[in-house]
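Chemist: Got a structure here, written out as C-alpha cells. Questions coming.
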Amino acid sequence: MTEIGIGIIGGGYMGKAHAAAYAAVGALFGTRLRPRLEMVAAGSPESAQTYRDAFGFARAAPDWQALVADPAVGAVVIASPPQTHLEITRAAAALGKPVFCEKPLGASLSDATEMTQIAEDAGLVSMIGFNYIRTPASQYARQLLAEGAIGDITWFRGEHTEDFAADPARSLGWRNRDAANGCMGDLAPHMVNAALALMGPVASVMAEIETVHSQRGGDDVTNDDQAQVMCRFASGASGHLFFSRVATGRKMGYAYDITGTKGAIRFDQEDQNALWLYLADGPEAQRGFRKILTGPAHPDYLPFCQGPGHGTGYQDQIIIEARDFLEAIADGAPRWPAFRDGLEVAQVIDAARRSHAQKSWIATATT
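In this text, residue positions in the sequence shown follow the working numbering: the first is 224, and each later residue adds one.
Have a look at this one:
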C-alpha cells in the first residue's frame, strides 16, 4: 500500500462528502492507494481551520493556491464554485497533480473546453463528479442495456427535479445569480450525464428554458428555474429531458424511463435501491414490471453490505467515486467520467441554451 495526500478545496456540502469518502474508501474497497486527509482550503483561513477540526485533516490551508502547491498534497479535489474550477485546474496541471472536479466542469463551455485541453495536454488523471449514475441500480441498468436485454432502444425520458427553490418567498442568495448556478448549470448536468451514459451521444436538441420566479425572497433572479429539452440521440432514438428546481414535492427526482423493442427500464433516485424491469416474454397475462432490489449481485454493492435489499445511500456514491479516482491515479489511466466526459455534458447544455435562444433544433458537438 502507498499513501497519497488528498487536498480538498471547499469544505461545505460537497467538501464534507468528499472528506468522509476519502476517510472510508480504503477500508471499504481495499484500494492500492490509501488516501490521507492532508489539507483543506475554504473561503477564508478561519473556515479552513473549522473544516480541518471537523473533518480530520492534518492541516488547514490559507488559500487554495497554497493547497495546490504543497508538496504533501498528491491529488486535488475541487469542491468550490464553478467559477474557480479552471484556475485551480491550471495550477494543479502545472505541477502534474491529478484533479477530481465537482460538476459542472467550469462555469461555461469555454471553461470546460480549456480544462479538458489542459488535462489532456499534461497527461493528467482527471475525473468529474457525476455521483448519481454510480448507484448499483443505475450501474446495473447500464449493464442490461449493454447486453441488449430490452432490445433496440426507441425512447428515453429523463428528469432531474427538486423543489428547494419552489417557494418564491425564500431567498437563494448566490444561487439566484449567474448561469452556472441556475438549473441548467446545477441540476441539468446530472441528467444529461445519465442520458449520455445510458443512451450514447446526443445528436441534436430543441430546448425551452424559463425563469418561473423573477424575484425570490426580495432578490432579483437572473438565471433559470426549469427547462425541457427534446433530443435525438446518435443511435436514432428520441427522448425528452426535464430539469427543475421548482418542482414542488420532488426532493431528489433523478429519474428515467427507457423503452426498448423487447422491454423497458424505470428508475427513480428517491427509491435508489430499486430498478424496475419489464421484459416482453412469457404469457401476456403474466407480464408486468418487476421490482429488482439491489444486492451483492449488483455492481459496487457488496463492499457496503452483504444483505440484498438493505440498500446503499448518497454518501456511498461519493465513496465509489473516490475509489475510481484512486484507481485512475494508481494506474495512470483515465476512469469514466474524465474531463472529456464532462465536456460532452457541457456541449449538450450549450446546445440547449442556443436552441432556446434561436427557437430551433440545434446539432450538438458531441457526435
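The beta-carbon is built from N, C-alpha and C at its ideal position, and this holds for glycine as well.
1. Enumerate in chain order the residues of its own chain whose CB-to-CB distance from I231 is below 7 Å, with the five nearest sequence positions on each side excluded.
2. Please report the distance separating the alpha-carbon of L260 from that of A246.
3. Expressed to the nearest angstrom, what Euclidean distance is found between the alpha-carbon atoms of V452 and G440?
4. Is it true that the CB of A569 sits closer than 9 Å to the CB of P327?
5. Are the CB atoms of W397 and P268 within a distance shorter than 9 Å?
6. Could you name the residues that DSSP lists as bridge partners for E325?
7. With a 10 Å radius around its C-beta and 16 neighbouring C-beta atoms as the bar for buried, classify E544 as buried or exposed.
8. Three Cβ pairs or more, each shorter than 8 Å: is that satisfied between the region 336 to 351 and the region 455 to 467?
9. DSSP three-state call for T273: helix, strand or coil?
10. Determine, using beta carbons only, whether L502 and R489 come nearer to each other than 9 Å.
11. For A243, name the three-state secondary structure that DSSP assigns.
12. In the DSSP assignment, what are the bridge partners of R439?
13. To the nearest angstrom, report how far apart A335 and H463 are at their CA atoms.
14. To the nearest angstrom, how far is it from the Cα of E433 to the Cα of R513?
15. Could you check which residue in I229, G408 and A360 has the C-alpha nearest to that of T517?
16. Under 9 Å, do L419 and D564 count as touching if we go by C-beta distance?
17. Excluding the 5 residues flanking G249 on each side, which residues of the same chain have their C-beta closer than 6 Å to its C-beta?
18. Go ahead and pull the three-state DSSP assignment for H521.
19. Does the region 378 to 386 come into contact with the region 469 to 483, if we say contact requires no fewer than three beta-carbon pairs (one atom in each stretch) closer than 8 Å?
20. How is F379 classed by DSSP in three states: helix, strand or coil?
21. Does the separation of the CB atoms of N404 and D442 fall below 9 Å?
22. Considering Cα atoms alone, identify which of L500, S578 and D504 is closest to Q366.
23. From A430 to A295, what distance separates their C-alpha atoms?
24. Less than 9 Å between the C-beta atoms of R357 and D523, yes or no?
25. By a C-beta neighbour count over all protein chains shown, 10 Å radius and 16 as the cutoff for buried, is P506 buried or exposed?
26. Are the CB atoms of A372 and G486 nearer to each other than 9 Å?
27. Classify L525 as buried or exposed, calling it buried when 16 or more other Cβ atoms lie within 10 Å of its own Cβ.
28. What residues match up with D491 in a beta bridge as DSSP calls it?
29. Would DSSP call T590 helix, strand or coil?
30. So, H521 versus Y363, is the Cβ gap smaller than 9 Å?
31. What separation, rounded to the nearest whole angstrom, lies between the Cα atoms of Q581 and S427?
32. Kindly identify the DSSP beta-bridge partner or partners of C454.
33. I'd like the list of long-range same chain contacts for F278, defined as Cβ closer than 6 Å, with 5 residues on each side in sequence excluded.
34. Between which two residues does the beta strand (DSSP E) carrying V263 extend?
35. Taking V217 as part of the alpha helix (DSSP H), name the residues at either end of that continuous run.
36. Does the beta-carbon distance from L251 to I542 come in below 9 Å?
Modeler: Result, derived from the coordinates:
1. Your numbering for residue 231 matches position 8 in the sequence shown. Beyond the five residues adjoining it in sequence on each side, I231 comes within less than 7 Å, by CB distance, of G238, H241, A242, V263, V300 and A302 in the same chain, given in chain order.
2. Here residue 260 refers to the residue found at position 37 when the sequence shown is read from its first residue. Here residue 246 refers to the residue found at position 23 when the sequence shown is read from its first residue. Across the structure, L260 and A246 are spaced so that their CA atoms are roughly 7 Å apart.
3. In the sequence shown, the residue the question calls residue 452 occupies position 229. In the sequence shown, the residue the question calls residue 440 occupies position 217. When only Cα atoms are considered, V452 and G440 end up about 28 Å apart.
4. Within the sequence shown, residue 327 is the residue found at index 104, counting from 1. Within the sequence shown, residue 569 is the residue found at index 346, counting from 1. A contact, by the Cβ cut-off of 9 Å.
5. Here residue 268 refers to the residue found at position 45 of the sequence shown. Here residue 397 refers to the residue found at position 174 of the sequence shown. Contact flag unset, no.
6. On the sequence shown, position 102 is the one that residue 325 refers to. Answer is G352, bridged to E325.
7. Start at 1 with the first residue of the sequence shown, and residue 544 comes out as number 321. Buried, because 16 or more other Cβ atoms sit within 10 Å of the Cβ of E544.
8. Because the criterion of three Cβ pairs below 8 Å is not met, the region 336 to 351 and the region 455 to 467 do not touch.
9. The count along the sequence shown starts at 1 and reaches residue 273 at position 50. If DSSP states are grouped into helix, strand and coil, T273 belongs with the helices.
10. As a position in the sequence shown, residue 502 is number 279, starting the count at 1. As a position in the sequence shown, residue 489 is number 266, starting the count at 1. Cβ atoms of L502 and R489: not closer than 9 Å.
11. Working through the sequence shown from its first residue, we reach residue 243 at position 20. A243: helix per DSSP, three-state reduction.
12. Along the sequence shown, one-based indexing puts residue 439 at 216. For R439, the beta-bridge partners assigned by DSSP are D442.
13. Residue numbering aside, residue 335 sits at position 112 when the sequence shown is read from its first letter. Residue numbering aside, residue 463 sits at position 240 when the sequence shown is read from its first letter. C-alpha separation (whole angstroms): 24 Å.
14. Locating residue 433 in the sequence shown gives position 210, where the first residue counts as 1. Locating residue 513 in the sequence shown gives position 290, where the first residue counts as 1. Each residue's Cα considered, the two are about 37 Å apart.
15. Translated into the one-based positions of the sequence shown, residue 517 becomes position 294. Of all alpha-carbon atoms in I229, G408 and A360, the one lying nearest the alpha-carbon of T517 is that of A360.
16. As a working mapping, residue 419 is identified with position 196 in the sequence shown. As a working mapping, residue 564 is identified with position 341 in the sequence shown. Yes.
17. The residue given as residue 249 occupies position 26 in the sequence shown. These residues qualify, in order along the chain: R257.
18. For the purposes of this step, residue 521 is taken as residue 298 along the sequence shown, with counting starting at 1. Coil.
19. Yes, since at least three Cβ pairs between the region 378 to 386 and the region 469 to 483 fall closer than 8 Å, the two stretches touch.
20. Along the sequence shown, one-based indexing puts residue 379 at 156. The answer is strand: DSSP assigns F379 an E or B state.
21. Within the sequence shown, residue 404 is the residue found at index 181, counting from 1. Within the sequence shown, residue 442 is the residue found at index 219, counting from 1. No, the pair does not count as a contact, with Cβ atoms beyond the cut-off.
22. Counted from its first residue, the sequence shown places residue 366 at position 143. Ranking the options by Cα distance to Q366, first place goes to L500.
23. Residue 430 sits at position 207 when you count from the first residue of the sequence shown. Residue 295 sits at position 72 when you count from the first residue of the sequence shown. Straight across, the Cα-Cα distance linking A430 with A295 is about 46 Å.
24. Here the question's residue 357 lines up with position 134 in the sequence shown. Here the question's residue 523 lines up with position 300 in the sequence shown. Yes. Within cutoff.
25. For this step, residue 506 is matched to residue 283 along the sequence shown. Label assigned to P506: exposed.
26. Residue numbering aside, residue 372 sits at position 149 when the sequence shown is read from its first letter. Residue numbering aside, residue 486 sits at position 263 when the sequence shown is read from its first letter. The criterion of a C-beta distance shorter than 9 Å is satisfied by A372 and G486.
27. Residue numbering aside, residue 525 sits at position 302 when the sequence shown is read from its first letter. Note on L525: under 16 other CB atoms within 10 angstroms of its CB, so exposed under the neighbour-count rule.
28. Sequence index remark: in the sequence shown, residue 491 carries index 268 (1-based). Note: D491 sits in a beta bridge opposite A478.
29. Within the sequence shown, numbered from 1, the residue matching residue 590 stands at position 367. Bear in mind that a pLDDT of 47 at T590, under 50, signals an unreliable position, so the number given afterwards is only what the model happens to contain. Assignment of T590 by DSSP, reduced to helix, strand and coil, places it in the coil class.
30. Here residue 521 refers to the residue found at position 298 of the sequence shown. Here residue 363 refers to the residue found at position 140 of the sequence shown. A distance below 9 Å separates the beta carbons of H521 and Y363.
31. Residue mapping note: residue 581 aligns to position 358 of the sequence shown, counting from 1. Residue mapping note: residue 427 aligns to position 204 of the sequence shown, counting from 1. Rounded to the nearest angstrom, the gap between the Cα atoms of Q581 and S427 is 14 Å.
32. Here residue 454 is taken as the residue at index 231 of the sequence shown, counted from 1. Beta-bridge annotation (DSSP): C454 is paired with V428 and G462.
33. Sequence index remark: in the sequence shown, residue 278 carries index 55 (1-based). Hits under 6 Å: A242.
34. In the sequence shown, counting from the first residue as 1, residue 263 sits at position 40. In the DSSP assignment, V263 falls within the unbroken beta strand (DSSP E) covering L256 to A264.
35. With the chain covering only 224 through 590, there is no way to say anything about residue 217.
36. Locating residue 251 in the sequence shown gives position 28, counting from the first residue. Locating residue 542 in the sequence shown gives position 319, counting from the first residue. Yes, they are a contact pair.
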